[in-house]
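Colleague:
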Amino acid sequence: MQEEEYYSVRMRAAKNTVLKKGGKHISGGEVLSTYSNIKQSVNALLEKALTHSRGKPDFMQIQFESINESIKLVKPLRVETNEVETVENGKTLARAMLEKSGVPKRIIDKAYKQIPEYSSIRGAILFDIHSGERIDNNSEKGVRVSRIDWLNANFEKWTDENNQPKSSRVKEALAIATKVCDHPSTIAELCWSDDPDYVTGYVANKKLGYQRITRLKEYGDEQGCRIFFVDGVRDLPTYINFLEKKPIFIKWEEDDIDT
Ligand code: PML
Ligand code: MG
Numbered sequence: 084m085q086e087e088e089y090y091s092v093r094m095r096a097a098k099n100t101v102l103k104k105g106g107k108h109i110s111g112g113e114v115l116s117t118y119s120n121i122k123q124s125v126n127a128l129l130e131k132a133l134t135h136s137r138g139k140p141d142f143m144q145i146q147f148e149s150i151n152e153s154i155k156l157v158k159p160l161r162v163e164t165n166e167v168e169t170v171e172n173g174k175t176l177a178r179a180m181l182e183k184s185g186v187p188k189r190i191i192d193k194a195y196k197q198i199p200e201y202s203s204i205r206g207a208i209l210f211d212i213h214s215g216e217r218i219d220n221n222s223e224k225g226v227r228v229s230r231i232d233w234l235n236a237n238f239e240k241w242t243d244e245n246n247q248p249k250s251s252r253v254k255e256a257l258a259i260a261t262k263v264c265d266h267p268s269t270i271a272e273l274c275w276s277d278d279p280d281y282v283t284g285y286v287a288n289k290k291l292g293y294q295r296i297t298r299l300k301e302y303g304d305e306q307g308c309r310i311f312f313v314d315g316v317r318d319l320p321t322y323i324n325f326l327e328k329k330p331i332f333i334k335w336e337e338d339d340i341d342t
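Next comes the structure, spelled out in structure tokens:
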């Protein structure tokens, strides 16, 4: 898929940047755009950051750059929604799903202990499933999954056929999880939002799919989580390069309905 030239458009917004290095993360966004669509893409990202429940940004960066690599098409992970009544039940279910994905129990325990420490990190944490150590060495930043998008028309077709909400949040999160799980070194992803008004999160794994869990934190809590449990990453820069730089479009076909 590369008849047309595509551009990666990225946004990052923060607040209190004068008080604290990097400030408080407000919002981030990723779009793959044709040249003629760049204005629309920038406007959509601007709107996202200016109307955010985490606050009013005092810093924003929107940048675009051309992509000189073919864009891989990947079909979205299968989605299931698990209704839970309490955060405790949500956590128990998330842990069981991580274990089912292949993350040892002691590593899950270790990761959960460290989650509060990671909550101000704006990207993802890479967690090795053997050592139980954080391996990204990216201090405050973590790793940002980039160069990923899902064209709206195809996403809406998918929502109609699969009875899913037409939510840009679900679209973005499912696109990220699908890209991350497309790499053989990813065992699972655990994620919930840092937005105080959104409590649904998920566990994703290539086989299990994207397992939404309706309560992984309390309303009002601004501590988010995005951990990639990884195995066999011998060449960390290559893995990180895949997450940050490999361009991927999510594309659903009618035939994918039961996969
Ligand atoms: C986020 O908002 O940063 C992550 C949202 C994760 C859950 C999205 C969903 O409802 O499936
Ligand atoms: Mg957020």
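Under our numbering, think of the first position of the sequence shown as 84, with each following residue one higher.
Backbone N, C-alpha and C define an ideal beta-carbon position, used for all residues, glycine too.
#1: Using 7 Å as the cut-off, classify the Cβ of Arg295 as near or not near the heavy atoms of the ligand PML, replying yes or no.
#2: Do you know whose CA, among Pro159, Asp318 and Ser229, lies nearest Lys334's CA?
#3: Report yes if the CB atom of Arg298 is closer than 8 Å to the CB atom of Thr169, and no otherwise.
#4: Between which residues of its own chain and Ser124 is the CB-CB distance below 7 Å, once the five residues before and five after are set aside?
#5: Considering only heavy atoms of the ligand MG, does any lie closer than 7 Å to the CB of Ser110?
#6: Output the boundary residues of the beta strand (DSSP E) element that contains Val234.
#7: Assuming Tyr201 contacts Cys308 under a Cβ cut-off of 8 Å, what Cβ separation, rounded to an integer in Å, is found between them?
#8: By DSSP, does Gln146 sit in helix, in strand, or in coil?
#9: Go through its chain and collect everything with a Cβ distance to Pro199's Cβ below 8 Å, but skip five positions before and after it.
#10: Could you tell me if Gly303 is buried or exposed, where buried requires 16 or more neighbouring beta carbons within 10 angstroms of its beta carbon?
#11: Would you tell me roughly how many angstroms separate the C-alpha atoms of Ser276 and Ile331, rounded to the nearest one?
#12: Need the endpoints of the beta strand (DSSP E) that Arg295 sits in, please.
#13: From Ser268 to Glu216, what distance separates their C-alpha atoms?
#14: Answer yes or no: the CB of Ser276 versus the heavy atoms of the ligand MG, is any distance below 7 Å?
#15: Would the beta-carbon of Ala65 be found less than 7 Å away from any heavy atom of the ligand PML?
#16: In whole angstroms, give me the CA-to-CA distance for Gly138 and Asn151.
#17: Rounded to the nearest angstrom, what separates Met180 and Val286 at their Cα positions?
#18: Work out the CA separation of Met143 and Arg230 for me, nearest whole Å.
#19: Tell me whether Gly284 counts as near the ligand PML, meaning its Cβ is closer than 7 Å to at least one heavy atom of that ligand.
#20: With C-beta atoms as the reference, is Val263 less than 8 Å away from Phe210?
Modeller: By the coordinates alone:
#1: yes
#2: Pro159
#3: yes
#4: Val92, Val114 and Ser116
#5: yes
#6: Just to set this straight, residue 234 is Leu in the shown sequence, not Val. Run containing Leu234: none; DSSP gives neither H nor E here.
#7: Rounded, the Cβ-Cβ distance is 7 Å, consistent with contact.
#8: strand
#9: Gln306
#10: exposed
#11: 22 Å
#12: From DSSP, the beta strand (DSSP E) with Arg295 extends over Gly292 to Ile296.
#13: Cα to Cα, Ser268 sits roughly 15 Å from Glu216.
#14: yes
#15: Limits of the chain in this structure are 84 at one end and 342 at the other, which puts residue 65 out of reach.
#16: 36 Å
#17: 7 Å
#18: 19 Å
#19: yes
#20: Going by C-beta atoms, Val263 is not nearer than 8 Å to Phe210.
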